[in-house]
Amino acid sequence: MRRKMRLMFIVFAGFFLCTLQQIYAREGTDLIFLMDGSGSMYGSPFDTEKEGLAKAIEDPNIIPRDGSVSVTVIQFSGYGAQKVEVPPTIITSQAVADQVAATIRNIVMISGSTYFADAINLGVSTIMNWQEHGTRQAINLITDGGNFDISETLAASDNAMSAGIDIINAIGVGLGVDIDNLWDIVQPHYPGYPDSAQRPTSSSTDYGYVWSLTTWQEFLPVVAEKIAGEIIPPLPPVEVPETTEGLLLYVKGIYRQNGEITRTGNLYIKNTQSKSETQLTGYSGIYIIRNPSFSSNGKEVIYTSNISGLWQIYIISKDRFVGNASQGVVINNGNNHPYAALSPDDRHIVYVEEDSNGNTRLFSYNRISLTKGIVCNVRDLVIKDVEFINNGLVSFIGVYNGIQDIYTVGLDGTNLTNLTNNVPLTPRYGRIKSAWRYDARYIIYTKAIFQGLEYGKQDIFRLDIDNLDEKNLTNTPELDEYDPVYRSIYDEKQGFMFYSANVMGIPSLNSADVWSAYYNSDDISNTNIALTFWTGSFTTTEYAGQIDFIRASALIPEVGRVINVQDTRIVYTAGGNQVIYRSDNDGTNWDNPGTAISTISVDKFVSDMDSTGGKIIYGFNSVPQTLIRANHDGSGEVTFAQGTSAGNEIKDACWSPDGRWVVFVKREKINKYGIYAKMAKQDTAQVDIPLLIDISSTDVQHPSFSPDGTMLVFSKRDIGGTYDIYTLGIKTDDGTSIYPGTLKQITYTPAISEMQPSYSPDGKKIIFLSDNPAGINQIYTTDTNGSSRELVVEGGQNLNVNYPLFGDVNVETDIYYIGYVSDNPASGTRTIKIARLPKIDPTPGDGENLATLYQDTGLEPTNDKFIWGIKREKGTIVAQRNLSKRTAKNQDFQYSVVIDVDEASMPNGYTLEEIITADFLTSDIFVSIDGSAFSAPVVYDDSPSQGYRTIKIVFSTGQNGGVKDHTVRIKMKAPNSTGIQPIEGDIKYMIDGIANTAVISGNSSISISSPFIPVDVYTLENEEGSDGIIGDWDLLYAIDAWTNSRQLSGFGIKWPEDIENWDGILLALIDIWASPAGTKGTHTGGSASTASSVPGEYQYIGLYVYTPPAVGKSEMYWTQGKWLE
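Position one of the sequence shown corresponds to residue 8 (the numbering used here), numbered consecutively onward.
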């Protein structure tokens, strides 16, 4: 039996993606019946013909129901009179067979003359264009007479065989049949053809056969015999498991010599589902990027490169574009580090250090304690290609006396083991990748074996490190494969892998692209199949390899980018408060004192940095005091706001998370303060907007926004009293308006001061300074309502801690990073410290959750104040998507993309591209730029690939407001189906002729669900996730949100859109919570007649206002009643 392979070309907008799938057609037989419907068949012959076919198909003893047989029926008559009566149908059940039989019985005769050729041609095109056709096709011609197109029919028969048809048989009934003609038509021809004396007397699968019948009464048993002879039992199927989607990491522009990489291009990420590609590095020149790998959760990428002239280790965010050799360097001690790997828990780096003589040693580096240790130091052992097996075990390629072997060693340096023990002539190994992502102790690599006079090609091998069982997964003696990595592991013998190879045989030196393939270590005939390529095309190559892959299920959804300490920056004053310094971290140390960005001879105090790191705000101790807004490098200084002549003091400015507003404190006069706001782009020409005024106090300090921008926290000292902490609700619109909400005091300690409060990055905690016990400053945290107070940094008289704040570092999901200033008694200095704080207290109940010191920065601010924020590279564009986690199906929702252009180095233009699935209809998409009216944007269908759409907006001189910061709001209607919908995008721009891509950070997916009330966040088990019931915890959560006038994400971008509706909404929620089982709800659209089954159940009633008598509840679209999926 011959197997069939088809090439599938798929063209996507924007790029050409081709897949070569070694797809074996469905194992089974396709039966194509050509029914004679000419005039001579009128009456009983046509009815018998139909009934004979129908009964044969109905009988499970003739046609099995296992999907191994398909049936196609075509009726023919005269020239051009052919019709597909039953399209190709796989018989998978009795019901399917009965339906096909019923269709045949209902066929209406065409009538007319008799032409065979067009019927054969239609049969061939119908079955061969069917994507599910089987491994064998049999055409069955049924007729009662001669045909009028003899020469055309013979040509059609030949063409059918050339097209892949396996056999053509015929049944001739009656005296009018030209039997000799039928024997010429059927194929393959019998042995001895055309000698009629050698015609066979029985049918066979090896040649076509003609059944010659005298009457139609003989038709049914012959049809049964004929079908039985044509059906060949299918081979056992090769069960290829489903592939896994995720992120693919690879390098382009790779050149090799004898298998060794001599130079590369840049690093890229591709989403295997959307096919969108993102460039991570923008290096130029001659260099190598080696062994890039994802961290365990996909937040980071580690690799080594000699781009700087020295082999160095780089760790960068997967969402960050790196353009020069200094970005992302770690462990920079002046030595060459040609190989490195990150542990599965992301806490350790294992790396090779090479001296000037080529001697190598293997080290480990603890990213938490910042300490290193020796792992392997064996004289004359050259160490290459390191990889973790698990958190405590490392593998590598070792070369000793010219012999290559695979070794393992404990991270603590114990149990060095040679797994392969090769002898001359040694194999040549490629890079090692392990299966720790799949909790398996396998490694995968390439190996070339010396064969007679030279080394053979590189094949892919898998080694079980426990039993040392090695399996060849490709066995392609004519082809080199490189850089394999697991895509999925189905069981101990099969799965999917990626690798680099020149599968298409493109005639260009070093041609190679990224492929995925199914492997089976126990079945060499069915391994390395189902190939798909991910770079290049059938005729071009991207010279791609050095591959890693992470499953989508392992990725942690991000709200904001992944931030390490080296991605942050500290701004502070020194030199008698007259110089503002900017200090960066290289992964180990802080630049001390840093770069001076303001040196005007006047005392200064720093206040805040915006969320992108692009701008800072600081103050001059002038008369009156002044706030200055500037770019991150000190350029672009603007006088932003000034104190009053009566009070003079203006201070403690803070930026809103979206960068649109700055809030600050002004002393209006003695013992009177106010909190004011101003749009961040304004200056002293615009008035300050009062939020709270005429505050009776001897000091108001340190306002700070919550991460969602809906709350301010600050401290106030009563006249003759101490500091307490307050929160203030904040509401902004898309224009130029900001409003205060509810003011709430959250600490009440008349004898103790709580001051300098600010929110954690996730908005769950507030950090502050307290002088409890009296006279000793210590750092505490509290929940946002003032409860669950915990001591996090002990003070003591000799430490004098001050100015605590949360940092943006989020590399560890269970750890906050905090900063503060304290004394160093031994040295007599006072420096900024960084500490790690567990998000969940490991010893609850004792009132302490002590932070551990991570790093003393060595930076000495002269007035204790400092800013710790995001490090912004000059010329970069930063964009964040503010998208709710979920919305309701078939309902309108909005989200925003906030774009920040670095005004220190402006591009000439940039484009915003947002990729959504085709489930979102183009007609339902609208865009607003900076508060303008919504309008239809440019949307490209099937871009970047089939099944997706791309929203594209260009910003340049004269287009969409020009090249500056923008807030783009996108309004769409959710699909009318539930599930997760990805929304991804980027900003493309050029700086100094260099192309740059900025991935839009923030939430990149939205869950489409049945309608839900946003306060329904607790199930009956008190875990987050709606259950369609407003229970006790849901109601308490609603009361807390109502008390603080807080907007919630959920049913739209913010809910309620108008916080003035909260009173009526809360009353409606209480009604639902208190509703007894059996209650029937009402609404303005009529009765909600379906009764609830338990108290608190609710029913969605649509996007109109629920208004029971005398009570208006705008934006409350739910009523008492049974919750509907």
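Beta carbons: idealized from backbone N, C-alpha and C, even for Gly.
Keep in mind the model is a prediction, meaning the values are calculated, not measured.
Asked	Found
Check T110 in the structure and name its three-state DSSP category.	helix
Hey, which unbroken runs of the beta strand (DSSP E) at 3 residues or more fall wholly within the segment 996 to 1041?	1001 to 1006 and 1012 to 1016
In this structure, how does DSSP classify Q29 when only helix, strand and coil are distinguished?	The predicted model places Q29 with a pLDDT of 32, which falls under 50 and marks its position as unreliable, so this point remains unresolved.
Can you tell me whether E920 is buried or exposed? The criterion is at least 16 other CB atoms within 10 Å of its CB, across all chains shown.	buried
If I'm right that D937 touches T964 with Cβ under 8 Å, what's the distance once you round it to whole angstroms?	Incorrect: roughly 16 Å between the Cβ atoms, too far for contact.
If E360 sits next to N342, beta carbons under 8 Å apart, how far is it from one beta carbon to the other, in whole angstroms?	5 Å
Distance check for P299 and T1026, CA to CA, integer angstroms please.	42 Å
Okay, do the segment 140 to 159 and the segment 36 to 53 touch, 3+ Cβ pairs below 8 Å being the bar?	yes
Threshold first: 3 residues or longer. Then list the beta strand (DSSP E) segments lying entirely within the segment 609 to 667, N to C.	611 to 616, 622 to 627, 633 to 638, 645 to 649 and 657 to 662
Pull up the distance between the alpha-carbon of W137 and that of V131, whole angstroms please.	10 Å
Identify whether W318 lies in helix, strand or coil by the three-state DSSP scheme.	coil
Note down the Cα distance separating R13 from Q862, rounded to an integer number of angstroms.	Only weak support exists for where R13 lies, its pLDDT of 27 falling under 50; the value from the coordinates is given anyway. Taking the straight line joining both Cα atoms gives about 60 Å.
In the structure shown, what three-state DSSP assignment does L148 receive?	strand
How long is the line joining the alpha carbons of N983 and D949, rounded to whole angstroms?	20 Å
For the ligand GTP, any of its heavy atoms closer than 6 Å to the Cβ of T836?	Looking for the ligand GTP in the displayed structure turns up nothing, as the structure carries no ligands at all.
Under three-state DSSP, which class holds T1050?	helix
Under the rule that 16 or more other beta-carbon atoms within 10 Å means buried, what is V521, buried or exposed?	buried
Counting C-beta neighbours from all protein chains within 10 Å, is the total for N113 16 or more, i.e. buried, or is it exposed?	exposed
Tell me the rounded alpha-carbon separation between I825 and V946.	43 Å
Quick check: Q1127 and S1056, are their CB atoms within less than 7 Å of each other?	no
Within 10 angstroms of the Cβ of V316, are there 16 or more other Cβ atoms? Answer buried if so, exposed if not.	The amino acid at residue 316 is misidentified as Val; the sequence shows Gly. Burial call: exposed.
Output the boundary residues of the beta strand (DSSP E) element that contains E284.	E284 to Q286
Tell me which residues share the same chain as G876 and place their Cβ nearer than 7 Å to its Cβ, disregarding the 5 neighbours each side in the sequence.	T575, R576, M616, G620 and D815
Since W1062 and E1122 should fall inside the 8 Å C-beta cutoff, what is the C-beta to C-beta distance between them, to a whole number of angstroms?	7 Å
Which runs of the beta strand (DSSP E) spanning at least 3 residues fall entirely within the segment 922 to 986, listed in chain order?	933 to 936, 945 to 948, 955 to 963 and 973 to 980
Return the bridge partner residues of Q501 from the DSSP annotation.	N527
Provide the residue(s) that pair with L349 in DSSP beta bridges, ordered along the chain.	I356
Below 8 Å, how does it come out for the segment 285 to 293 and the segment 584 to 593: are there three or more Cβ pairs, yes or no?	no
So S507 and A519 are in contact, right, with Cβ under 8 Å, and what is the actual spacing, rounded?	5 Å
Which residues does DSSP list as the beta-bridge partners of I506?	Contrary to the premise, residue 506 reads as Tyr rather than Ile in this sequence. BP columns for Y506 point to W522.
Pull up the CB-CB distance for A1048 and V1022, whole angstroms please, since I reckon it's below 8 Å.	7 Å
Taking only runs of the alpha helix (DSSP H) that begin and end inside the segment 81 to 139, which ones reach a length of at least 4 residues, in chain order?	101 to 112 and 124 to 135
What residues in its chain sit with their C-beta under 6 Å from that of R368, if we drop five residues either side in the sequence?	E360 and N384
Report yes if the C-beta distance between F123 and T96 is below 7 Å; otherwise report no.	no
Tell me, which residues are paired with V229 by DSSP?	DSSP lists no partner for V229.
If you draw a straight line from the alpha carbon of S100 to that of I81, how long is it in whole angstroms?	22 Å
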